[in-house]
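Undergrad:
Protein chains: 2
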Amino acid sequence: MKNDVNRQFRLKTRPTGRIEKSNFDFVEESIPEPGPGEALVRVLYLSLDPTNRIRMSDMDQYMPPVGIGEVMRGGGVGIVVKSNSARYKEGDRVSGLTGWQDFCIADEGLRAMSVLPKDLPVELPVMLGACGMTGLTAYFGLLELGRPKAGETVVVSAAAGAVGSIVGQIAKIKGCRAVGIAGGPDKCRHIVEDLGFDAAVDYKRADWREQLAAATPDGIDVNFENVGGEIMEAVMARMNLFSRMPLCGMISGYNTGEPMRGDFSPILMRRIELRGFIVIDFMEKFAEGAMQLAQWVVEGKLKHRETIVDGLENAPVAVNKLFDGGNIGKLVVKL
Amino acid sequence: MKNDVNRQFRLKTRPTGRIEKSNFDFVEESIPEPGPGEALVRVLYLSLDPTNRIRMSDMDQYMPPVGIGEVMRGGGVGIVVKSNSARYKEGDRVSGLTGWQDFCIADEGLRAMSVLPKDLPVELPVMLGACGMTGLTAYFGLLELGRPKAGETVVVSAAAGAVGSIVGQIAKIKGCRAVGIAGGPDKCRHIVEDLGFDAAVDYKRADWREQLAAATPDGIDVNFENVGGEIMEAVMARMNLFSRMPLCGMISGYNTGEPMRGDFSPILMRRIELRGFIVIDFMEKFAEGAMQLAQWVVEGKLKHRETIVDGLENAPVAVNKLFDGGNIGKLVVKL
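Chains U and D supply the protein sequences, listed in that same order. Positions 6 to 340 (my numbering) are the ones given, in order, by the first sequence. Positions 6 to 340 (my numbering) are the ones given, in order, by the second sequence.
1. Mapping the DSSP letters down to three states, classify GLY80(D) as helix, strand or coil.
2. For the region 107 to 121 of chain D and the region 55 to 63 of chain D, state whether three or more C-beta atom pairs, one from each stretch, are separated by less than 8 angstroms.
3. Please state the DSSP three-state secondary structure of THR103(D).
4. Residues in the region 111 to 133 of chain U with C-beta within 9 angstroms of chain D's C-beta atoms, listed in sequence order?
5. Using only the alpha-carbon positions, how far apart do GLU238(D) and GLU75(U) sit?
6. If you measure between the beta carbons of PHE344(D) and GLY267(U), is that distance less than 7 angstroms?
7. For VAL206(U), which of VAL227(U), VAL184(U), GLY224(U) has the nearest alpha-carbon?
8. Does any CB atom of chain U fall closer than 7 angstroms to the CB of PRO2(D)?
9. List the residues of chain U that GLN66(D) touches, going by C-beta distances under 8 angstroms, in chain order.
10. Would PRO271(D) be called buried (16 or more neighbouring beta carbons within 10 Å of its own) or exposed?
11. From GLU263(U) to GLU311(D), what does the alpha carbon distance come to, in whole angstroms?
12. Is any beta-carbon of chain U found at less than 7 angstroms from that of ARG19(D)?
13. Should ARG280(D) be flagged as near chain U, meaning a C-beta pair shorter than 7 angstroms?
14. With 7 angstroms as the threshold, decide whether the Cβ of LEU252(U) is near any Cβ in chain D.
15. Determine the chain D residues that contact SER270(U) at a beta-carbon separation under 8 angstroms, and present them in chain order.
16. Which word fits GLN13(D), buried or exposed, when buried means at least 16 other C-beta atoms lie within 10 angstroms of its C-beta?
17. I'd like to know if ILE277(U) contacts chain D, where contact means its C-beta is closer than 7 angstroms to some C-beta of that chain.
18. Between the Cα of ASP107(U) and the Cα atoms of ALA143(U), VAL10(U), VAL227(U), ASP226(U), which residue gives the shortest distance?
19. For GLY233(D), go through chain U and note every residue whose CB falls closer than 7 angstroms to its CB, in chain order.
20. Could you have a look at PHE287(D) and say whether DSSP puts it in helix, strand or coil?
21. According to DSSP, is LEU353(D) helix, strand or coil?
22. Helix, strand or coil: how does DSSP classify ASP329(U) here?
23. Please classify THR139(U): is it buried, with 16 or more other beta-carbons within 10 angstroms of its beta-carbon, or exposed?
24. Leaving aside the five residues before and after VAL232(D) along the sequence, list all residues of the same chain whose C-beta is less than 8 angstroms from its C-beta, in chain order.
25. Please name the residue, chosen from ILE171(U), ALA295(U), VAL324(U), PHE229(U), that lies closest to GLU278(U) on a Cα-to-Cα basis.
26. Hey, how far is the Cα of ASP212(U) from the Cα of ALA204(U)?
27. Under 8 angstroms by Cβ, that's how I've got LEU192(D) and ILE333(D) pegged, so tell me the actual separation to the nearest angstrom.
28. Beta-carbon separation of GLY46(D) and VAL85(D) under 7 angstroms?
29. In this structure, how does DSSP classify GLU311(D) when only helix, strand and coil are distinguished?
30. Pull up the distance between the alpha-carbon of GLY146(U) and that of ARG194(U), whole angstroms please.
31. Identify the contact partners of ASP203(D) in chain U, using a Cβ-Cβ distance below 9 angstroms as the criterion.
32. Quick check on CYS375(D): does DSSP put it in helix, strand or coil?
33. Which of the three DSSP states, helix, strand or coil, is assigned to GLY114(D)?
34. In terms of residue numbering, what span does the beta strand (DSSP E) encompassing PHE282(U) cover?
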């Protein structure tokens, strides 16, 4: 954290494969002056998400990609340090698209940020994870699109990740069998012992397909899909008649630039309902979802873990943890 | 038609690729005697459908495949010639799974058939097409899963086929732009000039992708998918945000035995809702659908065409027309 300049990561080249620091210019600009109706926000934590990788690319995506030379887009939380807007008071903590930089401008229009309640029941990084966009992604994807019924089997991939770990716990709260797919014994132990999943499938072991079969003796009713590729196909091959598949991400393909292909025949034969989504599709219900998530966290029903990386300068390297499998829970950068 | 024996096609070997007559034993058995609660039905017309090909294979499918040595499964209409059941009267015309044979037994349980009304407003083969399972497939797939709104663009593949031709006409009735994909100038002319589609895309022409783009200037809101493969991918690449994709079939892959693969990324990025279905998923609404279809037919709003092949013995060869593109409208065999 510096106090006299605004350090920014500006996209220089689109990554091919792994993200490199050299894909960015790390520049120092002067701290911007907020205009009328604007506030200056000092960024405290950045959220690192698989979607960062998509935004760096020029693949077909939700929003226009980050332009070359633009500040890298990303979510975060910060504190208002100067305000010319009635919406923001000095000292307010705010959440929104901060970008990868020390300071950002919040306004009352397209660059508006959410003012967090004064009496937050959780630490600030949790507002980027279990009680933020990440938790809401799990909440709406599972409950609105997956529509799990008690006794059904819910499978989630990237299960030790920020979204997956919440999906499995909500499935348990709803009385389902929760099965998580994760890489390595630490993550598998974590989701079962710490988070209460019924079973874990370690995709780094050669027998992962047999593990998946053993963990889902009654087939799969909801597949919350985060990874794509051969894991997705193996899960789909075990999905039941009239099962549901919220498609949240296909992280295994983001670095390759290849089409994310898969077999459509189970969709036809098993009459699977598949829907792609992103969390903003449910924006009008955010308040309801956030309150429920916070309540579960406070009650101890929803556990969360954050992996905190220190220093803005480490963001481009740290984001690769999401793709390498080197991360448990929510990955954030502390500025 | 013979009167003294029951000719039957019994599956001998599962076809690899194209269906051959040699995949069947064409046997003559004695006409079965109906037991208590049963009726003897003389089959009048057989429905030939892409699903016949699936049933001959041992691929993952809706029902167990036809066993080796079993009578080939298939839908048809017939007339009751002898009855020991209060449900069926001699002379009743009935519809159901007749199998590929001259005579079948209808009972009051698992082999029950539907008794058609005396005063049918249409010819009997139409009860296998526009007013039968085919029409209902189009009706429920489009309206329940596609949920088209007036002004939206509906694309259907295999558009000159039995299901596709009905899909496009219902789309027009609902005030949508209807675009059909079909092979060759005759089919393309037929769906536009005879059936009232707004545009046709001839996939046998080298410029079919450009035709598709020109025919869907506002993108695609509903893709009623019948064929799979590269046509499906090209259509999906033009689907709008929050568009719907009823997956009715992927006929282009049925002969190959290969997984029916496609790119999942548009589903994610464009939040497409995709659902596989078969018509029996909507069984409890069949009466409603059939009445609406019949009304549209009688009012002249829903045009239909049947391709009638003469003679049971020709069924195994004729069914290939569905895969070769050699058929317009509903393909039936007259016994």
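Glycine residues also receive a C-beta, built at the ideal position from the N, C-alpha and C atoms.
TA: Here's the rundown:
1. Position 75 of the second sequence, counting from 1, holds the residue named residue 80(D). Strand at GLY80(D).
2. no
3. Position 98 of the second sequence holds residue 103(D). If DSSP states are grouped into helix, strand and coil, THR103(D) belongs with coil.
4. none
5. By one-based count along the second sequence, residue 238(D) stands at place 233. By one-based count along the first sequence, residue 75(U) stands at place 70. Roughly 32 angstroms separates the two Cα atoms.
6. Nothing in the structure corresponds to residue 344(D), since chain D is present only between 6 and 340.
7. Here residue 206(U) is taken as the residue at index 201 of the first sequence, counted from 1. Nearest C-alpha to VAL206(U): VAL184(U).
8. The first residue shown for chain D is 6 and the last is 340, placing residue 2(D) beyond what the model contains.
9. Position 61 of the second sequence, counted from the first residue, corresponds to residue 66(D). Under the 8 angstroms cutoff, chain U gives MET274.
10. Mapped onto the second sequence, residue 271(D) falls at position 266. By the 10 Å Cβ count, PRO271(D) comes out buried.
11. Within the first sequence, residue 263(U) is the residue found at index 258, counting from 1. Within the second sequence, residue 311(D) is the residue found at index 306, counting from 1. Straight-line Cα distance between these residues: approximately 43 angstroms.
12. One-based indexing of the second sequence puts residue 19(D) at position 14. No, ARG19(D) does not count as interfacial toward chain U.
13. Position 275 of the second sequence, counting from 1, holds the residue named residue 280(D). Yes, because at least one Cβ of chain U sits closer than 7 angstroms to the Cβ of ARG280(D).
14. Walking along the first sequence from the start, residue 252(U) turns up at place 247. So, interface residue.
15. The residue given as residue 270(U) occupies position 265 in the first sequence. Per Cβ cutoff of 8 angstroms: MET64, ASP65, MET255, GLY258, PRO264, MET265.
16. Locating residue 13(D) in the second sequence gives position 8, where the first residue counts as 1. Buried, since its Cβ has 16 or more Cβ neighbours within 10 Å.
17. The residue you call residue 277(U) lines up with position 272 of the first sequence. For ILE277(U), the answer is yes, since a Cβ of chain D falls inside 7 angstroms of its Cβ.
18. Numbered from its first residue, the first sequence carries residue 107(U) at position 102. Comparing Cα positions, the closest option is VAL10(U).
19. The residue you call residue 233(D) lines up with position 228 of the second sequence. In chain order: PHE269.
20. What you label residue 287(D) is simply residue 282 of the second sequence in a count that begins at 1. Reduced to three states, the DSSP call for PHE287(D) is helix.
21. Shown here, chain D extends from 6 to 340; a query on residue 353(D) therefore has no answer.
22. The sequence position of residue 329(U) within the first sequence is 324, counting from 1. ASP329(U): helix per DSSP, three-state reduction.
23. Taking the first residue of the first sequence as 1, we reach residue 139(U) at position 134. With 16 or more other Cβ atoms within 10 Å, it is buried.
24. On the second sequence, position 227 is the one that residue 232(D) refers to. Answer for VAL232(D): SER162, ALA163, ILE186, GLY254, MET255, ILE256, SER257, listed in chain order.
25. Taking the first sequence and counting its residues from 1, the one referred to as residue 278(U) is at position 273. Of ILE171(U), ALA295(U), VAL324(U), PHE229(U), the residue nearest in Cα terms is PHE229(U).
26. For this step, residue 212(U) is matched to residue 207 along the first sequence. For this step, residue 204(U) is matched to residue 199 along the first sequence. When rounded, the distance between both Cα atoms is 15 angstroms.
27. Position 187 of the second sequence, counting from 1, holds the residue named residue 192(D). Position 328 of the second sequence, counting from 1, holds the residue named residue 333(D). It is Lys, not Leu, that sits at residue 192(D) in the sequence shown. Confirmed, about 6 angstroms.
28. On the second sequence, position 41 is the one that residue 46(D) refers to. On the second sequence, position 80 is the one that residue 85(D) refers to. Looking at the sequence shown, residue 46(D) is not Gly but Val. It is a contact, given that the beta carbons lie within the stated cut-off.
29. On the second sequence, residue 311(D) is found 306 positions in, with the first residue counted as 1. Note: GLU311(D) maps to strand in three-state DSSP.
30. Here the question's residue 146(U) lines up with position 141 in the first sequence. Here the question's residue 194(U) lines up with position 189 in the first sequence. If you take the alpha carbons of GLY146(U) and ARG194(U), they lie about 25 angstroms apart.
31. Within the second sequence, numbered from 1, the residue matching residue 203(D) stands at position 198. Correct list: empty, because the minimum Cβ distance to chain U is about 26 angstroms.
32. In the structure as shown, chain D starts at 6 and stops at 340, and residue 375(D) therefore has no counterpart that could be examined.
33. Walking along the second sequence from the start, residue 114(D) turns up at place 109. Of the three classes helix, strand and coil, the one that applies to GLY114(D) here is coil, per DSSP.
34. For the purposes of this step, residue 282(U) is taken as the residue at position 277 of the first sequence. Careful: PHE282(U) lies outside any beta strand (DSSP E) and carries neither H nor E.
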